[in-house]
Every structure is written in structure tokens, then in C-alpha cells.
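In what follows, a structure is listed as C-alpha cells, so that the remarks can point back to it.
2 protein chains.
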Amino acid sequence: MPVFESVTVLGAGVLGAQIAFQTANHGIPVVSYDVGDDAIAAARHRLDAIVDQYVADSGREKRAAAEEALTRIRFSTDLAEAVSHAGLVIEAVPENVELKRSVYAQIAAAAPESTVFATNSSTLLPSAIADATGRPDRFLALHFANHIWRQNTAEIMGTPETDPAVYQRVVAFAVEIGMVPIQLHKEQPGYVLNSLLVPLLNAGAELVLKGVAEPETVDATWRIGTGAPLGPFQIFDVVGLRTAYAIASARPDEGSQAWAAYLKEHYLDQGKLGVESGEGFYRYR
Amino acid sequence: MPVFESVTVLGAGVLGAQIAFQTANHGIPVVSYDVGDDAIAAARHRLDAIVDQYVADSGREKRAAAEEALTRIRFSTDLAEAVSHAGLVIEAVPENVELKRSVYAQIAAAAPESTVFATNSSTLLPSAIADATGRPDRFLALHFANHIWRQNTAEIMGTPETDPAVYQRVVAFAVEIGMVPIQLHKEQPGYVLNSLLVPLLNAGAELVLKGVAEPETVDATWRIGTGAPLGPFQIFDVVGLRTAYAIASARPDEGSQAWAAYLKEHYLDQGKLGVESGEGFYRYR
Numbered sequence: 002m003p004v005f006e007s008v009t010v011l012g013a014g015v016l017g018a019q020i021a022f023q024t025a026n027h028g029i030p031v032v033s034y035d036v037g038d039d040a041i042a043a044a045r046h047r048l049d050a051i052v053d054q055y056v057a058d059s060g061r062e063k064r065a066a067a068e069e070a071l072t073r074i075r076f077s078t079d080l081a082e083a084v085s086h087a088g089l090v091i092e093a094v095p096e097n098v099e100l101k102r103s104v105y106a107q108i109a110a111a112a113p114e115s116t117v118f119a120t121n122s123s124t125l126l127p128s129a130i131a132d133a134t135g136r137p138d139r140f141l142a143l144h145f146a147n148h149i150w151r152q153n154t155a156e157i158m159g160t161p162e163t164d165p166a167v168y169q170r171v172v173a174f175a176v177e178i179g180m181v182p183i184q185l186h187k188e189q190p191g192y193v194l195n196s197l198l199v200p201l202l203n204a205g206a207e208l209v210l211k212g213v214a215e216p217e218t219v220d221a222t223w224r225i226g227t228g229a230p231l232g233p234f235q236i237f238d239v240v241g242l243r244t245a246y247a248i249a250s251a252r253p254d255e256g257s258q259a260w261a262a263y264l265k266e267h268y269l270d271q272g273k274l275g276v277e278s279g280e281g282f283y284r285y286r
Numbered sequence: 002m003p004v005f006e007s008v009t010v011l012g013a014g015v016l017g018a019q020i021a022f023q024t025a026n027h028g029i030p031v032v033s034y035d036v037g038d039d040a041i042a043a044a045r046h047r048l049d050a051i052v053d054q055y056v057a058d059s060g061r062e063k064r065a066a067a068e069e070a071l072t073r074i075r076f077s078t079d080l081a082e083a084v085s086h087a088g089l090v091i092e093a094v095p096e097n098v099e100l101k102r103s104v105y106a107q108i109a110a111a112a113p114e115s116t117v118f119a120t121n122s123s124t125l126l127p128s129a130i131a132d133a134t135g136r137p138d139r140f141l142a143l144h145f146a147n148h149i150w151r152q153n154t155a156e157i158m159g160t161p162e163t164d165p166a167v168y169q170r171v172v173a174f175a176v177e178i179g180m181v182p183i184q185l186h187k188e189q190p191g192y193v194l195n196s197l198l199v200p201l202l203n204a205g206a207e208l209v210l211k212g213v214a215e216p217e218t219v220d221a222t223w224r225i226g227t228g229a230p231l232g233p234f235q236i237f238d239v240v241g242l243r244t245a246y247a248i249a250s251a252r253p254d255e256g257s258q259a260w261a262a263y264l265k266e267h268y269l270d271q272g273k274l275g276v277e278s279g280e281g282f283y284r285y286r
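Residue numbers (my numbering), protein chains in the order written: chain U, 2 to 286; chain R, 2 to 286.
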């Protein structure tokens with residue numbers, strides 16, 4: 002018997018769709034909620050593309066099971082109905098604290114008392130939302146990375162109010178759907194991965210801004226020196242330069258502002274957005 | 002004809018011996034200087050071990066050439082004589098600015114006018130030594146990493162006084178001995194690699210010190226999230242916890258002091274020094 006017999010994923014964007022697929026692909030029924038028929042139509046296309054990408058990564062023999070997994074995903078545009086039988090709700094709606102709080106207020110009334118709520122938020126701490134859930138002891142963060150089946154970390158972070166037994170059930174769920182559970186004992190902005198990655202990327206940006214070395218040189222040094230497959234600027238290109246710009250421009254310090262201006266002038270204004278646009282610090286294809 | 006027809010390496014410690022081997026293994030005659038007969042005897046043993054390690058990494062068919070390379074290394078305990086015919090002197094003596102300045106003052110008088118001097122210092126900027134060389138235009142930093150044939154970066158960093166033509170000759174030399182030249186356009190403490198690595202290691206240390214997650218968890222997150230072979234604490238073990246302690250304890254900020262104290266209490270005081278002692282954050286063999 003699975004840890005949670007039914008899982009509802011709120012939001013069928015890039016990551017929401019991947020979470021729905023990963024869960025269904027491990028045998029668990031999923032309700033995928035989004036705001037309207039257009040969003041659901043987009044989600045169906047996205048899931049087909051996810052299956053193709055998953056099969057490309059994992060082997061053709063995985064296609065039949067992956068397509069069968071899609072049959073375990075039911076779509077809904079009715080928020081109260083979507084959560085009415087959920088054991089676990091994973092919230093992956095846009096990163097807006099007021100929007101999230103409003104969604105939690107609605108599902109708090111509609112979901113069973115026992116339902117566990119988890120936010121996939123990358124940028125908000127769960128304690129910023131906990132009181133809106135009406136069940137802070139059954140609420141925590143469960144954070145996935147893009148390419149969920151390949152970068153298969155699930156960062157699990159409670160608030161001081163999260164019931165330890167609930168936390169452990171979510172750890173067990175993460176394992177059940179093929180994730181490596183990354184257990185955080187305290188709230189930490191950026192969780193573990195971004196707490197490590199951001200200082201590395203900032204250090205690379207600083208070397209280039211100061212004119213110490215070119216991006217290619219910085220990346221080659223990192224790859225050779227540490228054996229990593231990608232240097233900081235290759236990672237910037239994967240993350241996307243619009244995201245890098247948004248993060249840098251939101252920070253008040255001089256270095257971040259200078260980096261944001263550099264990205265805008267040399268990359269964004271020239272349509273160079275990273276891998277997604279075919280060119281960033283490097284050219285692709 | 003090689004860029005420099007003869008190379009003298011000052012200091013036959015861990016890295017000095019590797020530099021001598023790497024240079025000789027690319028066909029260039031080397032003079033290996035150290036302070037006395039005991040140091041030279043140790044250097045001979047070290048070079049034999051280097052050949053074994055190199056062959057283990059590179060394949061048995063490389064042994065004959067590697068052993069022949071050793072015949073191109075001549076040992077000397079006479080500093081003036083060691084540099085008297087050198088095209089390039091690579092200084093790899095202990096990281097003490099007064100010692101280095103004294104060595105440069107001696108070789109400035111003994112080496113030909115045209116000889117280029119390069120320091121392998123990890124922790125000093127070349128501008129802190131340049132005036133002692135008597136030839137600041139023919140002086141720069143040429144920084145190698147441990148396991149020189151595998152982590153084959155050569156970070157090349159001049160001072161504002163370094164002649165660009167000399168800089169480019171040293172770049173060409175680095176390529177000639179099988180290195181990837183990492184060209185820094187300005188002086189930068191820690192060069193490129195440590196400018197990236199130190200912030201990553203500090204971020205990992207902070208997560209553990211704050212009690213957010215265990216070292217194994219941090220490392221797993223980094224490996225899965227970035228595809229890197231080693232997480233921060235695996236790197237700490239390779240670098241050696243005494244070195245990590247020395248660096249942290251020399252810094253005045255509270256976080257570094259707390260990390261130094263943590264390393265001392267939980268690792269150094271228990272003989273856990275990292276890979277070198279068989280145990281650090283992890284156990285080895």
C-alpha cells in the first residue's frame with residue numbers, strides 16, 4: 002500500500018507536470034489541477050513531451066509503462082473537487098506568496114482533515130505560508146528539481162510546527178516515487194542545492210565582472226579541477242539567463258546589480274537567453 | 002626547439018617533484034633543487050612514487066617513457082649552480098613570503114639576465130614578491146594543482162609589470178608540458194580554481210554548522226543536482242582537514258572561526274585528517 006493512496010498536484014506547469022508524471026509512473030493515482038481548460042490542454046501536451054524526454058533518457062523499453070502512467074493522471078479544474086480525496090497535496094503554483102496563501106485557504110476547507118500539504122516553492126520558506134494552511138503540523142516543503150527523474154533529489158523541509166511523523170511519511174513517499182530524499186532539519190532559504198550553487202555562480206560572475214578571466218576559462222578550470230561536467234557559465238546557460246537576471250536584479254548589493262546589468266547588456270538585450278534560445282555564454286546546436 | 006631549453010624547479014616537495022616530472026616527461030631537461038642531501042634523497046623516492054602513480058593513472062605502456070623522463074632530472078643542492086643555465090625557474094618553496102623573497106634575491110644574482118622566474122605559490126600574489134626578483138618584467142605566477150597530469154590546469158597570472166611577451170612564452174611552455182593554460186588577466190587571490198572552490202566549501206560548511214543537513218546529505222544533493230563526482234565534504238577530505246583547518250582558523254570572521262573549532266573538535270583531535278589518514282568525513286579503504 003502506498004504511503005499516500007492518492008496525490009493531487011496543484012499547477013501543471015513545467016515542474017507540476019513532471020511531479021504528476023513521476024508520481025503516476027510509480028503506480029500512484031494523481032489528480033492534476035490547473036486553472037482552466039487551456040491550462041489542462043497545455044498540460045496534456047507537456048506530459049506527452051515529458052514521456053518522450055523520459056524515454057529518451059531512460060530507454061525505449063520504458064515507453065509502455067510511461068504511457069500507461071499517464072492513464073493514472075486525472076485532470077481537474079475544480080480546486081475543491083481536486084483535493085477532496087487527496088492523501089497528499091503537492092502545491093506547484095506560481096511563486097507568489099499571496100496567490101499561494103489564497104490557494105491554501107481554499108484547499109484547507111475542501112481537503113480531508115488528514116490530508117498532508119506540501120509546497121514545491123523554490124523561493125519561499127514554508128513558515129511564510131504555514132498559517133494559511135489551517136494545518137501547520139501537516140504542512141512542509143517538498144522541493145523537486147527540473148528533470149525530476151534524472152536530478153532525482155527531493156528536498157524535504159518542515160517548519161518548527163511540522164509533525165515529525167508527517168515529515169517522515171513524506172520522506173517515505175519521496176523514496177516510493179524514486180527520489181533521493183534530502184532531509185533538511187531546519188528551514189534554509191534555497192534549501193541545500195541552491196545554498197551551494199548560488200555562491201559558486203556568484204564567484205564565477207565576480208571573476209568575469211572583474212575581468213580576471215573569460216567564462217570559458219572559468220568553466221574549463223572548474224571542470225578540470227573538480228571533475229564536474231559543467232562549469233558555472235554552462236550552469237547559467239542551463240538555468241536560463243532570464244532567471245539569473247531576475248535573481249541578480251532583485252538583490253540590492255553592488256555586485257549583484259553589476260552582474261544583472263552585465264547580463265542584460267551582453268545577453269538578454271541580444272536575445273541570448275541560454276540553452277532555451279540556442280545561445281547564451283555558449284552556442285547550442 | 003622547446004620554449005625553454007632548460008627548466009629549474011626550486012623545491013622538491015609534493016608539487017615541486019610533480020612539476021619536475023611533468024616537465025621532464027615532456028622531453029625537457031630539468032634541474033631539481035632542494036636544500037640538502039636528505040631532501041634530495043626524499044625527492045628521489047617521491048619521484049619514483051610519482052612514476053608509479055602516473056603509470057597507474059595513465060597505463061602500463063607509459064612506464065618506460067616515464068622512467069626515462071627521470072634520467073632528464075638532475076639534482077642540485079647549490080642554488081646558484083642550479084639556476085646558472087636555466088631558461089625558466091619555477092619556484093615551489095614553502096609558502097613563506099620572507100623565505101621566498103630571500104630565495105629570489107639569491108637567484109636574481111646567479112641566473113642569466115634572460116631567465117624567466119615563475120612562482121607556484123598558492124597563497125601569495127606575485128606582486129608581493131616581484132621587487133625581490135630583480136626582474137619584475139620577467140616574473141609571474143604559474144600555479145599547478147596536485148596530480149598535475151590529471152588535474153592539468155596551469156593558472157598563469159602576471160603582475161602589472163610582467164612583460165606580455167614573457168607571459169605568452171609561459172603560456173606556450175604550459176601547453177608544451179601538457180597543461181591546459183588558465184590565463185588570468187589580473188592578480189586574483191586564489192587564482193580561478195580556489196576563487197570558485199572556497200565559496201562552495203564555505204557554503205557546505207555553513208549548512209552543517211547551522212544544523213541544516215549532514216555532510217552526506219549535502220554531498221548527495223550536490224552530486225545529483227550538478228553531476229559532479231564529489232560533494233563539498235568529499236573535497237574537504239581530499240584537500241585534507243588540516244589544510245581546511247589552517248585556512249579557516251586564519252580567517253577572522255565568526256563563521257570561519259566556528260568551522261575551524263568544529264573541524265578541530267570532531268576531526269583533527271580524533272586523528273581524522275581526511276583521505277590521507279584513512280578517515281575524515283568519510284572512511285577510506
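Beta carbons: idealized from backbone N, C-alpha and C, even for Gly.
Rounded to whole angstroms, what is the Cα-Cα separation between F22(R) and I51(R)? When rounded, the distance between both Cα atoms is 8 Å.
When you compare the CB positions of L48(R) and A18(R), do they come within less than 7 Å of one another, or not? In this structure, A18(R) lies closer than 7 Å to L48(R) by Cβ.
Show which residues of chain R have a CB atom less than 8 Å away from the CB atom of V219(U). At a beta-carbon threshold of 8 Å, the residues of chain R lying near V219(U) are V193, L197, ordered along the chain.
Quick one: residues in its chain with C-beta nearer than 7 Å to the C-beta of Y263(U), no 5 flanking neighbours on either side, listed in chain order? The beta carbon of Y263(U) sits closer than 7 Å to the beta carbons of L210 from its chain, once the five residues preceding and following it are set aside; these are given in chain order.
Residue range of the beta strand (DSSP E) that A155(R) falls in? Unbroken beta strand (DSSP E) run through A155(R): 154-159.
Just to confirm before moving on: does the CB-CB distance between R151(R) and D58(R) stay below 7 Å? The answer is yes: Cβ separation under 7 Å.
Is it right to say K187(U) is buried, meaning 16 or more other beta carbons lie within 10 angstroms of its own, or is it exposed? Flag for K187(U) reads exposed.
Using a Cβ-Cβ cutoff of 8 Å, what residues of the stretch 58-73 of chain R are near chain U? List them in chain order. Residues: none.
If you draw a straight line from the alpha carbon of A44(U) to that of G37(U), how long is it in whole angstroms? Answer to the nearest angstrom: the Cα atoms are 11 Å apart.
Going by DSSP, what residues sit across from V185(R) in a beta bridge? With the sequence shown as reference, residue 185(R) is identified as Leu, and Val is not the correct amino acid for it. Here L185(R) is bridged, per DSSP, to M158(R).
Going along the chain, which residues of its own chain have a beta-carbon closer than 6 Å to the beta-carbon of K273(U), five neighbours each way excluded? For K273(U), the CB contacts under 6 Å within the same chain, skipping 5 residues up- and downstream, are E280, G281 in chain order.
Taking F140(R) and A129(R) to be in contact with their CB atoms under 8 Å, please state how far apart those CB atoms are, rounded to whole angstroms. A129(R) and F140(R) do not touch by the CB rule: their CB atoms are close to 11 Å apart, not below 8 Å.
Given a cut-off of 7 Å on the beta-carbon distance, is the pair F76(U) and S33(U) in contact? Contact flag set, yes.
Tell me which same chain residues have a C-beta within less than 7 Å of the C-beta of L202(U), skipping the five on either side of it? The beta carbon of L202(U) sits closer than 7 Å to those of P233, I236, F237, all from its chain and outside the five residues before and after it, given in chain order.
Tell me where the alpha helix (DSSP H) around T227(R) begins and ends. Note, T227(R): alpha helix (DSSP H), 216-227.
What residues are listed by DSSP as bridge partners for Y34(R)? DSSP output for Y34(R) lists L11(R), S77(R) as bridge partner(s).
Between the Cα of W223(R) and the Cα atoms of I225(U), V219(U), A229(U), A221(U), which residue gives the shortest distance? Nearest of I225(U), V219(U), A229(U), A221(U) to W223(R), Cα basis: A229(U).
Write down the C-beta distance between V213(R) and L185(U) rounded to the nearest angstrom, noting that I regard them as a contact closer than 8 Å. Correct: roughly 5 Å between the Cβ atoms.
Give me the Cα-Cα distance between T120(U) and L126(U), rounded to the nearest whole angstrom. The C-alpha of T120(U) lies about 9 Å from the C-alpha of L126(U).
What in chain U is Cβ-close to G228(R), meaning under 8 Å? By Cβ distance, chain U contributes A229, P230, L231.
Can you name the residues that DSSP bridges to G275(U)? Beta-bridge pairing links G275(U) to E280(U).
Going by beta carbon distance, what residues of the same chain come within less than 7 Å of V199(U), once the five residues before and after it are set aside? By the criterion of a C-beta distance shorter than 7 Å, V199(U) is surrounded in its chain by G191, once the five residues flanking it on both sides are discounted.
Which of the residues in the stretch 150-181 of chain U, read from start to end, lie with their CB under 8 Å from any CB of chain R? Within the stretch 150-181 of chain U, those residues whose Cβ lies closer than 8 Å to any Cβ of chain R are, in chain order, Q152, N153, T154, E156, V181.
By how many angstroms is the C-alpha of A67(U) removed from the C-alpha of M180(U)? Note on geometry: alpha-carbon atoms of M180(U) and A67(U) lie some 17 Å from one another.
Cβ atoms of V94(R) and A112(R): under 7 Å apart, would you say? The answer is no: Cβ separation not under 7 Å.
Taking 7 Å as the CB-CB cut-off, is Q235(R) touching chain U? No, its Cβ sits nowhere closer than 7 Å to a Cβ of chain U.
With DSSP as the reference, identify every bridge partner of F140(U), one or two as the case may be. Paired residues: F118(U).
Partners in chain R for W260(U), counting only beta-carbon separations shorter than 7 Å: None at all; the shortest Cβ gap to chain R is about 15 Å.
Does G12(U) come within less than 7 Å of chain R when only Cβ atoms are used? Taking Cβ atoms only, chain R never reaches closer than 7 Å to G12(U), which makes this a no.
Any beta carbon from chain U within less than 7 Å of Q54(R)'s own beta carbon? Interface annotation, Q54(R): not in contact with chain U, CB-CB separation never under 7 Å.
For chain U, find out if any of its Cβ atoms is closer than 7 Å to the Cβ of Q189(R); answer yes or no. It does; some Cβ of chain U falls within 7 Å.
Backbone CA spacing between I178(U) and R64(R) [nearest angstrom]: Taking the straight line joining both Cα atoms gives about 49 Å.
Are the beta-carbon atoms of V219(R) and L208(R) separated by less than 7 Å? For the pair V219(R) and L208(R), the CB atoms are nearer than the 7 Å cut-off.
If I measure Cβ to Cβ from A106(U) and keep anything under 7 Å in the same chain, skipping five residues before and after, which residues do I get? Annotation for A106(U): A133 place their beta carbon closer than 7 Å to its own, counting only its chain and skipping 5 residues before and after.
Pair within 7 Å by beta-carbon distance, A25(U) and V31(U): In terms of Cβ geometry, A25(U) and V31(U) form a close pair [threshold 7 Å].
To the nearest angstrom, how far is the alpha carbon of V104(R) from that of R136(R)? A direct Cα-to-Cα measurement between V104(R) and R136(R) gives close to 14 Å.
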